[in-house]
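In order, the protein sequence lines correspond to chains X and S.
Per UniProt numbering, residue 1 is the first one in the first sequence, and the count goes up by one each step.
Per UniProt numbering, residue 1 is the first one in the second sequence, and the count goes up by one each step.
No residue lacks a Cβ here, since even glycine has one placed at the ideal position from N, Cα and C.
In this text, all values refer to a predicted model and were calculated from it rather than measured experimentally.
For reference, the structure discussed in these notes is given below.
There are 2 protein chains.
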Amino acid sequence: MYKAPVEDIFFTLKHVTGLDRVLGAGRFGDLSDDLAHAILSEAGRFATEEVAPLAEIGDKQGARLVDGKVKTPDGWAGLYARWAEGGWNSLAAPEEFGGQALPHQLLVATLEMWNSGAMGFAIGPTLTIGAIEAIATHASDALKQKYLPKMVSGEWMGSMNLTEPHSGSDLGVLKTRAERRDDGTYRIFGQKIFITYGEHDFTDNIVHLVLARLPDAPAGSRGISLFLVPKFLVNDDGSLGARNDAYCHSLEHKMGIHASPTCTMIYGDGKFGAEKGAVGWLIGEENKGLACMFTMMNNARLAVGMQGVAICEAATQKAILYARERTQGRGPGWKGDGMSPIIEHPDVQRMLLTMKAITQGARSIAYACAHAIDMVEVTSGADRGFWQERANLLTPLAKSIPTDAGVEVSSLGVQVHGGMGYIEETGAARLYRDARIAPIYEGTNGIQAIDLIGRKLPLSGGAHVRGFIGELKAVVEDVRKSNRPGFGHTADKLAIALADLDEATEWLLAAQGEGRIAEALSGATPFQRQFGLTLTGVYLAKAGLADAGDGKDEARVALARFAAENLISETTALKDRVVNGAASLAAARAALG
Amino acid sequence: MYKAPVEDIFFTLKHVTGLDRVLGAGRFGDLSDDLAHAILSEAGRFATEEVAPLAEIGDKQGARLVDGKVKTPDGWAGLYARWAEGGWNSLAAPEEFGGQALPHQLLVATLEMWNSGAMGFAIGPTLTIGAIEAIATHASDALKQKYLPKMVSGEWMGSMNLTEPHSGSDLGVLKTRAERRDDGTYRIFGQKIFITYGEHDFTDNIVHLVLARLPDAPAGSRGISLFLVPKFLVNDDGSLGARNDAYCHSLEHKMGIHASPTCTMIYGDGKFGAEKGAVGWLIGEENKGLACMFTMMNNARLAVGMQGVAICEAATQKAILYARERTQGRGPGWKGDGMSPIIEHPDVQRMLLTMKAITQGARSIAYACAHAIDMVEVTSGADRGFWQERANLLTPLAKSIPTDAGVEVSSLGVQVHGGMGYIEETGAARLYRDARIAPIYEGTNGIQAIDLIGRKLPLSGGAHVRGFIGELKAVVEDVRKSNRPGFGHTADKLAIALADLDEATEWLLAAQGEGRIAEALSGATPFQRQFGLTLTGVYLAKAGLADAGDGKDEARVALARFAAENLISETTALKDRVVNGAASLAAARAALG
């Protein structure tokens, strides 16, 4: 059973990604280290004792559509109520609307824990947090006053309605229509698919944010507007009024996160209400809907990245526990009678250490992104610009690296369990099934890679990424200077990886500068993985340098060495794909028919 | 929908792995190229038109235990009947018992196609083929005459009963008991788990092969005997007699291959029959049961490898079809109006080409193993010894590389489908779920790696593997001499991979020779992957050299180049893990707690 790794999380925030710098900026008042730790401990308790025990029934029962209503699994509505009551929904929300305005680093740390407990649960509140952010940033004061207090308290949830059958990665072609009405409201007509928690029984009302197109809108992505469409209209006194003309038509049958209802939503077909059309209110300006979405895209992508971290952690814990208990054969150093625990086999140790290193690497990358987002909040001027670029650079990495890691680590977790891993009762299979959506939604990892090379490397003309690589090199120098024998060849191996990163980065900047776009695009995914592996190696080394005196210093040094000497040497092959792979890829296009 | 790639399969057998050499040996009479092609074509038709269409219902309904009887999905029993009627069960079985005694290469080619159609279907017959082989090789004439004709015709199926709850990879500790009776029969008592098709409604009788321990047996793996235990006793006239005291207690709830009943089998608890104990007949000698199993282990492991190839092929076909039809965004070279098919995006091309190259590499490795098994049959003396070593060397690779590939390729297949890949209706998710068992059963891939380095590299004192690497180098020289521009840097890249393979092989041989066993074991899995990647590169190049004149020559050259320039450069990092990775792995053991 999952146990929230509060100390590992707190260590990472404090010693790897820089929580202290954020707290020290004064913006968060009397939020001390101790208080931050206490908040994480309480979240860990809730995730361990309340969320995780409901994961299995959530997977088995799944969300069901009964007589037009979505029924969540037994006990899940109560879980949500206790979770909201605990104030977890309001952690990073504005104080003005009842939120606690805590650092983003604490938010994502709690997201990790909810998702480790049950990813199908955590995804709902995650989207509500995104909806709150969009409304708080772009909506009118009237809308904010009417909706935000109840969304922040958790009394109502939100949903994000973007995708249509022919319009997923490319939102510019969506067809859902919006019509203006004289009273300043709009009517929405269309179908949305893959709408997570579009309908459920957690809350009385659901606040849908819907992308749609006005009749006179420009074609493409510049003609899309964002609307607030509540399930029930809200009276001026805050009570619920008439049912809006919006409903869940069907649920998808998915490979995992069964408890999370994935809805096909129908807007404005006349099923509800006297007049056909779902009543909506504009958020932001007409035709600027995508821009409204983009402002919160960083946070949403990071939130999905946390799902990857969460799956990694849960799978690693489960595998280590199993490998300690399951006996089979005799490991080479085993002195006991009879069979040894399988953790005594070097091949099993390799799997477990790989899982542990990848997990901690993914966590560090994601938290570093959250740290950058916090730094944007606590700085101004050029500093703020710097941190905004850092957040922008890290976002595709924080989404893609942990979510790919979730697939890889949960697969290793199944393997460690042997035949029992393929049987649903151990839960290893559930993590493997749950993990597989995260590299897809909120922008596929291929799209993240294209964003990374096309928009993020060129920030400040390439100076930002070069500076970042310089910071990583400084860590490697610190490792070298530490002369700590436990680091083995860590510094040498990391130096190679960073030289590889230099070379691939410069090649991509040059290729794009010279208009060789197809060539650059060919290397996007290998580059992203290369960057992620390198960050994993460096962040683990940084953790090894911390000397926290908590009895885990040697173990962290050893894990950093394992990553450096066993995992990251792949960067050279990946760099080779980036700088030399495009020609053969183009030539082989014909082999695809 | 899956369409059997008969021409690709036949090309591989003929030009990559050497079907001609086997046919030319005279052992298979008038079996010509044309006849072999005709057999494969008919199998392809059956797999495409009969098996594949039942995959989805098989997954949805699964096998169910109803009133003690296992009900397979709607239509599956009829499918099995038509399949057996077509003679597919008897393809490689001895002629003496009604088999067709065709080359193993044709058998595995058909196994690929059945598994691509529906892995949950193919696994049942695969195990029957294994049971036939065990009985034909080791049982008494009386048992052979009584059981084999009906098993070869498909009238009865077989099952393999090895695993117990505490005894999986380590069979030496199994507890199922066998007691001698005066009439020469035995009584079996115990519980077996994970018994594939241990009970079903395909056939009237099921012939269980069961590993058990006699009361006076030596401890460990030298005290295990093999027994034939039919579901119904068989009268002397061949008709069915009393129900034996063996039954399916429950079915496992698995992540995939839902249609395949995975049974917990109870032997001898008195549920059936007057006297407690399941009646069994000894196969081979007492206490030599594991040796009987080992003789067919090569074939069984190869058969599981074929499941990996099969999933790769099915997933690749599905992804390419989807990528041609689904439009989204505009690829960099797209000249058409509106959105392009996603196959126009380089990142998608990279995924599809990776899938295609890995698939063809996995197929080549598996077929090369089948070819070696055939060569054992058609040669004698030193030649036969050589081919037996080749089959032994290739077996762990033929099991592990394609099954790991199945996981990797089906995961890419899900990714190409985007959100639709996570929805069960496309079938991409089913392939991903089905694929995950193959790296586990019939010896985990970690155990294959240990077998590879511990038992197979040392064959003939290392001379066999060195000779094999020499053969691979000769292919690379042929590529170099061909001066074909389409090969690009293929020869150079392959030469590096082969030098890496030399180095890692010699390091492992030396380490084991010097008793540094834990160090060698630490590198087993990276070495296995390294070997597989190298073979993939070389076999694709060999295919590129074939000049078959079928209009696909250039595409094969281009695919070989893509593999050489984009996939196999990882071998250098893997070699580094083998020769330099053990120390950091051992040092990090403490990080696992």
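Three-state secondary structure assigned by DSSP to residue i
i: S/T379; result: coil
i: S/L505; result: The residue asked about is misnamed: residue 505 of chain S is Thr in this sequence, not Leu. It is helical.
i: S/W334; result: coil
i: S/A131; result: helix
i: S/H208; result: strand
i: S/Y441; result: coil
i: S/H345; result: coil
i: S/A246; result: strand
i: S/A178; result: strand
i: X/T72; result: coil
i: S/F294; result: helix
i: S/F121; result: helix
i: S/L143; result: helix
heavy atom of the ligand NAD below 6 Å from residue i C-beta
i: S/Y247; result: Although the ligand NAD was asked about, the structure shown includes no ligands whatsoever.
Cα-Cα separation between residue i and residue j, rounded to whole angstroms
i: X/L183; j: X/E286; result: Note that residue 183 of chain X corresponds to Asp in the displayed sequence, not to Leu. Cα-Cα distance, rounded: 16 Å.
i: S/A495; j: X/A118; result: 48 Å
i: X/A101; j: X/R64; result: 35 Å
i: X/E50; j: X/M296; result: 29 Å
i: X/W76; j: X/G198; result: 16 Å
i: S/V152; j: S/A131; result: 10 Å
i: S/K3; j: S/G419; result: 24 Å
i: X/L472; j: X/E377; result: 23 Å
i: S/L35; j: S/E112; result: 19 Å
i: residue 610 of chain X; j: S/S169; result: Given that chain X is displayed from residue 1 to residue 593, the structure contains no residue 610 of chain X and the question cannot be resolved.
Among the options, the one whose alpha carbon lies nearest that of residue i
i: S/G284; options: S/H138, S/S411, S/D347 and S/A77; result: S/H138
i: residue 594 of chain X; options: X/Y2, X/T262 and X/W507; result: Any answer about residue 594 of chain X is impossible in this case: the structure gives chain X only from 1 up to 593.
i: X/W232; options: X/Y422, X/I193, X/G273 and X/E313; result: With the sequence shown as reference, residue 232 of chain X is identified as Phe, and Trp is not the correct amino acid for it. Ranking X/Y422, X/I193, X/G273 and X/E313 by Cα distance to X/F232 puts X/G273 first.
i: S/Y80; options: S/S116, S/Q105, S/A109 and S/F121; result: S/F121
i: S/M375; options: S/V16, S/G168 and S/V22; result: S/V22
i: S/R577; options: S/A362, S/M255, S/L521 and S/R82; result: S/L521
i: S/E275; options: S/S250, S/Y186 and S/R326; result: S/Y186
i: X/H249; options: X/N483, X/P218, X/P230 and X/I195; result: X/I195
i: X/G523; options: X/K575, X/F227 and X/E313; result: X/K575
i: X/M255; options: S/K60, S/A391 and S/K192; result: S/K60
i: X/T359; options: X/W387, X/E252 and X/R556; result: X/R556
i: X/F227; options: X/S32, X/P218 and X/A291; result: X/A291
i: S/Y422; options: X/E252, X/D550, X/Q349 and X/C369; result: X/E252
Amino acids of chain B, ordered along the chain, whose beta-carbon sits closer than 7 Å to that of residue i
i: S/P439; result: No chain B appears in this structure, whose protein chains are X and S.
Unbroken beta strand (DSSP E) run spanning residue i, endpoints
i: X/M160; result: M157 to N161
i: X/T196; result: Y186 to T196
i: X/Y267; result: T262 to Y267
i: S/F562; result: Here S/F562 belongs to no beta strand (DSSP E); instead the alpha helix (DSSP H) covers D553 to F562.
i: X/S522; result: Taken as a continuous stretch (DSSP letters only), X/S522 belongs to no beta strand (DSSP E), being part of the alpha helix (DSSP H) at I517 to S522.
i: X/G58; result: No beta strand (DSSP E) holds X/G58; the alpha helix (DSSP H) holding it covers A55 to Q61.
i: X/S225; result: S225 to P230
i: S/I283; result: A278 to I283
i: S/V66; result: R64 to V66
Continuous alpha helix (DSSP H) stretch holding residue i: start and end
i: X/S169; result: Per DSSP, X/S169 belongs to no alpha helix (DSSP H) and is neither H nor E.
i: X/G24; result: Neither: X/G24 is in no alpha helix (DSSP H) and is coded neither H nor E.
The region 295-306 of chain X contacting the region 232-244 of chain X, beta-carbon criterion three pairs below 8 Å
The region 295-306 of chain X is not in contact with the region 232-244 of chain X.
Cβ contact (3+ pairs, closer than 8 Å) linking the region 341-348 of chain X and the region 431-450 of chain S:
Yes, the region 341-348 of chain X is in contact with the region 431-450 of chain S.
Check whether the region 308-318 of chain X touches the region 453-470 of chain X, counting contact only when three or more Cβ pairs, one atom from each stretch, lie closer than 8 Å.
Too few Cβ pairs lie closer than 8 Å, so no.
Give a yes or no on contact between the region 196-211 of chain X and the region 156-168 of chain X, applying the rule of three or more CB pairs nearer than 8 Å.
Because the criterion of three Cβ pairs below 8 Å is met, the region 196-211 of chain X and the region 156-168 of chain X touch.
Any 3 or more C-beta pairs closer than 8 Å across the region 3-12 of chain S and the region 522-530 of chain S:
With a cut-off of 8 Å, the region 522-530 of chain S and the region 3-12 of chain S do not count as touching, because too few Cβ pairs lie within range.
Are three or more beta carbon pairs between the region 346-360 of chain X and the region 406-415 of chain X nearer than 8 Å?
Counting Cβ pairs under 8 Å, three or more are found: they touch.
Does the region 534-542 of chain S come close enough to the region 554-564 of chain S that 3 or more CB-CB pairs lie under 8 Å?
Three or more beta-carbon pairs separated by less than 8 Å link the region 554-564 of chain S to the region 534-542 of chain S, which places the two stretches in contact.
I want to know whether the region 79-95 of chain X touches the region 43-57 of chain X - three or more CB-CB distances under 8 Å.
These segments touch.
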